[in-house]
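K.L.:
Residue numbers (UniProt numbering): 1 to 409. I am attaching a structure below and will ask some questions about it afterwards.
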């Protein structure tokens with residue numbers, strides 16, 4: 001990319017953003033012919049103001065268009081930037097399993113080391129350290145792929161496949177957070193295939209959850225609803241012996257993801273049924289746990305109940321649910337879940353027109369897990385909405401946060 005002419009870089013990133021030349025031209029206030037000439041190198045980009053405007057429309061750092069290394073700003077150092085996304089993409093595009101059919105694979109890390117690395121990656125994600133995770137993910141993907149290729153049969157092969165399936169899921173979740181939804185879908189889909197080789201139905205269930213979340217982010221709402229509900233029905237415990245904590249957790253989270261999809265299409269009856277089903281599973285589980293990295297339990301059910309209310313446009317119900325959540329149980333949850341909830345409740349308060357409370361929620365989320373607020377496109381939309389609705393000058397803390405995030409009215 002660094003060696004390409006700037007016009008080719010513009011064309012590359014426009015394609016990555018799924019914009020036609022006409023849509024791109026409209027957003028720039030230019031003609032389609034102008035865009036075409038720039039991308040073919042017929043027309044030079046000799047004004048920095050135009051280059052910056054193009055970078056803004058493409059939502060990338062201007063340094064990428066100029067073929068230079070991206071400089072991290074201190075306030076965004078824990079986000080995932082485009083360079084890191086491309087490194088993760090490159091790792092996902094490797095096909096070590098196929099290469100193993102023809103050549104010996106390189107020495108893979110021992111599975112004991114891989115287990116520690118994967119567990120650490122999960123905790124890094126659940127503590128919302130997305131920048132730290134992004135810098136480790138490409139190598140973790142390559143190591144997990146190499147380990148999977150190095151073990152052809154037996155228990156070690158299943159263990160290696162299980163670890164690779166988890167790494168794909170971590171990558172899918174992290175990529176979705178920063179708006180790379182197509183790549184998130186690819187990673188989740190890879191996890192489904194690997195989970196089958198691992199022989200673990202619950203890992204496959206969690207992969208289905210990741211697929212559903214990626215589909216939901218892509219606007220494929222009914223597909224997201226179907227995949228989560230269908231797999232939840234297959235995993236539903238039918239006997240007391242089958243109702244293990246792990247199975248209840250995965251089953252319940254699938255129902256909650258289905259509820260979020262149903263809320264997106266305004267199906268309040270299905271939302272109610274699915275959340276109630278998850279509530280029963282959480283009751284049978286008997287508390288908040290993190291089996292299969294689900295953070296599932298009664299508290300997470302309430303967080304999803306509030307989030308679904310926001311999706312249905314019922315900010316009042318979301319706030320009512322929020323105010324009833326057990327504070328001790330909520331405080332024991334991992335930072336990503338809590339900060340995500342604050343973002344949902346900020347959306348709920350904006351629906352009620354209470355920008356002061358919405359600002360408080362955004363600031364609380366930022367204090368708890370800055371990456372969950374500063375790195376997510378959704379949070380940028382919410383803080384922009386808060387600024388638009390604020391009469392007069394916004395309070396200094398929210399104005400400062402918006403400036404650090406690069407968000408204007």
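Just so it is clear, CB atoms sit at the ideal spot from N, CA and C, and this is done for glycine as well.
On the three-state DSSP scale, how would you describe residue 20?
P.N.:
Along the chain shown, read from residue 1 onward, the residue named residue 20 stands at position 20. DSSP places residue 20 in coil when its eight states are reduced to three.
K.L.:
Can you tell me whether DSSP reads residue 158 as helix, strand or coil?
P.N.:
Reading the chain shown from its first residue, position 158 is the one you call residue 158. In the structure shown, residue 158 sits in a helix (DSSP, three-state: H, G or I).
K.L.:
Do you know how far the Cα of residue 155 is from the Cα of residue 217?
P.N.:
Residue mapping note: residue 217 aligns to position 217 of the chain shown, counting from 1. Residue mapping note: residue 155 aligns to position 155 of the chain shown, counting from 1. Answer to the nearest angstrom: the Cα atoms are 36 Å apart.
K.L.:
Does the stretch 148 to 168 come into contact with the stretch 309 to 325, if we say contact requires no fewer than three beta-carbon pairs (one atom in each stretch) closer than 8 Å?
P.N.:
The stretch 148 to 168, when compared against the stretch 309 to 325, does not touch it at the 8 Å Cβ threshold.
K.L.:
With 16 other CB atoms within 10 Å as the buried threshold, where does residue 48 fall?
P.N.:
One-based indexing of the chain shown puts residue 48 at position 48. Residue 48 is exposed by the Cβ-count criterion.
K.L.:
List in chain order: all unbroken alpha helix (DSSP H) runs of 4+ residues lying wholly within the stretch 207 to 262.
P.N.:
For the stretch 207 to 262, whole alpha helix (DSSP H) runs of length 4 or above, ordered along the chain, are 221 to 235.
K.L.:
Of the residues 146, 243, 221, which one's Cα is nearest the Cα of residue 281?
P.N.:
Mapped onto the chain shown, residue 281 falls at position 281. Per the Cα distances, 243.
K.L.:
Got a sec? Which residues, its chain only, sit under 6 Å from residue 342 by beta carbon, not counting five neighbours each side?
P.N.:
Stepping through the chain shown from its first residue, residue 342 is reached at position 342. 361, 364, 365.
K.L.:
Between 241, 33, 265, which has its C-alpha nearest residue 22's C-alpha?
P.N.:
Numbered from its first residue, the chain shown carries residue 22 at position 22. It is 33.
K.L.:
Taking just the CA atoms, how far does residue 42 sit from residue 304?
P.N.:
Counted from its first residue, the chain shown places residue 304 at position 304. Counted from its first residue, the chain shown places residue 42 at position 42. So the alpha carbons of these two residues sit roughly 52 Å apart.
K.L.:
Classify residue 90 as helix, strand or coil using the three-state DSSP reduction.
P.N.:
As a working note, residue 90 is residue 90 in the chain shown. Reduced to three states, the DSSP call for residue 90 is helix.
K.L.:
How many Å lie between residue 235 and residue 377 at the Cα?
P.N.:
Numbered from its first residue, the chain shown carries residue 235 at position 235. Numbered from its first residue, the chain shown carries residue 377 at position 377. Roughly 33 Å between the two C-alpha positions.
K.L.:
Within 10 angstroms of its Cβ, does residue 18 collect 16 or more other Cβ (buried), or is it exposed?
P.N.:
Position 18 of the chain shown, counted from the start, is the residue given in the question as residue 18. The residue in question, residue 18, is exposed, as its Cβ has fewer than 16 Cβ neighbours within 10 Å.
K.L.:
Leaving out five residues before and five after residue 108 in sequence, what residues of the same chain have Cβ atoms less than 6 Å from its Cβ?
P.N.:
By one-based count along the chain shown, residue 108 stands at place 108. Here the set comprises 146, 147, 150.
K.L.:
Determine, using beta-carbon pairs with one atom in the stretch 223 to 230 and one in the stretch 275 to 295, whether at least three such pairs fall under 8 Å.
P.N.:
Short answer: they don't touch.
K.L.:
Beta-carbon separation of residue 307 and residue 260 under 8 Å?
P.N.:
Position 307 of the chain shown, counted from the start, is the residue given in the question as residue 307. Position 260 of the chain shown, counted from the start, is the residue given in the question as residue 260. In this structure, residue 260 lies closer than 8 Å to residue 307 by Cβ.
K.L.:
Have a look at residue 183 and residue 171 and give me their C-alpha separation to the nearest angstrom.
P.N.:
Against the chain shown, residue 183 aligns to sequence position 183. Against the chain shown, residue 171 aligns to sequence position 171. So the two alpha carbons sit approximately 9 Å from each other.
K.L.:
If we require 3 or more residues per run, which beta strand (DSSP E) segments fall completely within the stretch 106 to 153?
P.N.:
Whole beta strand (DSSP E) segments, 3+ residues: zero.
K.L.:
Taking DSSP as the reference, what is the three-state secondary structure of residue 336?
P.N.:
On the chain shown, position 336 is the one that residue 336 refers to. In this structure, residue 336 counts as helix in the three-state DSSP scheme.
K.L.:
On the three-state DSSP scale, how would you describe residue 369?
P.N.:
Residue 369 sits at position 369 when you count from the first residue of the chain shown. Reduced to three states, the DSSP call for residue 369 is coil.
K.L.:
By Cβ distance below 6 Å, which residues in the same chain neighbour residue 356 in space, the five residues on each side in sequence not counted?
P.N.:
The residue given as residue 356 occupies position 356 in the chain shown. Cβ neighbours of residue 356 beyond the five flanking positions: none.
K.L.:
How many angstroms separate the CA atom of residue 15 from the CA atom of residue 55?
P.N.:
In the chain shown, the residue the question calls residue 15 occupies position 15. In the chain shown, the residue the question calls residue 55 occupies position 55. Between residue 15 and residue 55, the C-alpha separation is close to 13 Å.
K.L.:
What's the C-alpha gap between residue 74 and residue 199?
P.N.:
Here residue 74 refers to the residue found at position 74 of the chain shown. Here residue 199 refers to the residue found at position 199 of the chain shown. Reliability fails at residue 74, whose pLDDT of 48 lies under 50, so the model's placement of it is uncertain and the value that follows must be treated cautiously. In a straight line, the C-alpha of residue 74 is about 44 Å away from that of residue 199.
K.L.:
Using CA coordinates, which residue listed in 196, 180, 313 is at the minimum distance from residue 162?
P.N.:
Along the chain shown, one-based indexing puts residue 162 at 162. The shortest Cα separation from residue 162 among 196, 180, 313 belongs to 196.
K.L.:
Am I right that residue 374 and residue 79 are in contact with their C-beta atoms under 8 Å? What's the rounded C-beta distance?
P.N.:
Against the chain shown, residue 374 aligns to sequence position 374. Against the chain shown, residue 79 aligns to sequence position 79. Contact flag correct, Cβ pair sits at about 6 Å.
K.L.:
Is DSSP giving residue 406 helix, strand or coil here?
P.N.:
Position 406 of the chain shown, counted from the start, is the residue given in the question as residue 406. Here residue 406 sits in coil by DSSP.
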